[in-house]
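Residue numbers (this note's numbering): 1198 to 1273. Worksheet: one structure, shown below.
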């Protein structure tokens, strides 16, 4: 794994449950119904195990990632 990906991986547990991430998730859910019902970004990542929901969640994050760094990091 490259150093940048290692750093992102180490930071993720704190970032995913941070107040900033929770506020972002609320903001995203206001515009993207696919992102409603999650309590934090760990829950968003867990959606990858749900074939009925994972592609819709990924699509919403991809749309946000163009202008939102946290959404882009969540995709990574």
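Just so it is clear, CB atoms sit at the ideal spot from N, CA and C, and this is done for glycine as well.
Ignore the nearest five residues each way along the sequence and tell me which others in residue i's own chain have a CB closer than 8 Å to its CB.
i, result
"residue 1233", "1226"
Under the rule that 16 or more other beta-carbon atoms within 10 Å means buried, what is residue i, buried or exposed?
i, result
"residue 1259", "exposed"
"residue 1221", "buried"
"residue 1231", "buried"
"residue 1264", "exposed"
"residue 1271", "buried"
Compare the C-alpha of residue i against each of the options and name the closest.
i, options, result
"residue 1228", "1216, 1261 and 1240", "1261"
Q. Touching or not, the region 1247–1254 and the region 1198–1205, by the rule of three or more beta carbon pairs under 8 Å?
A. no
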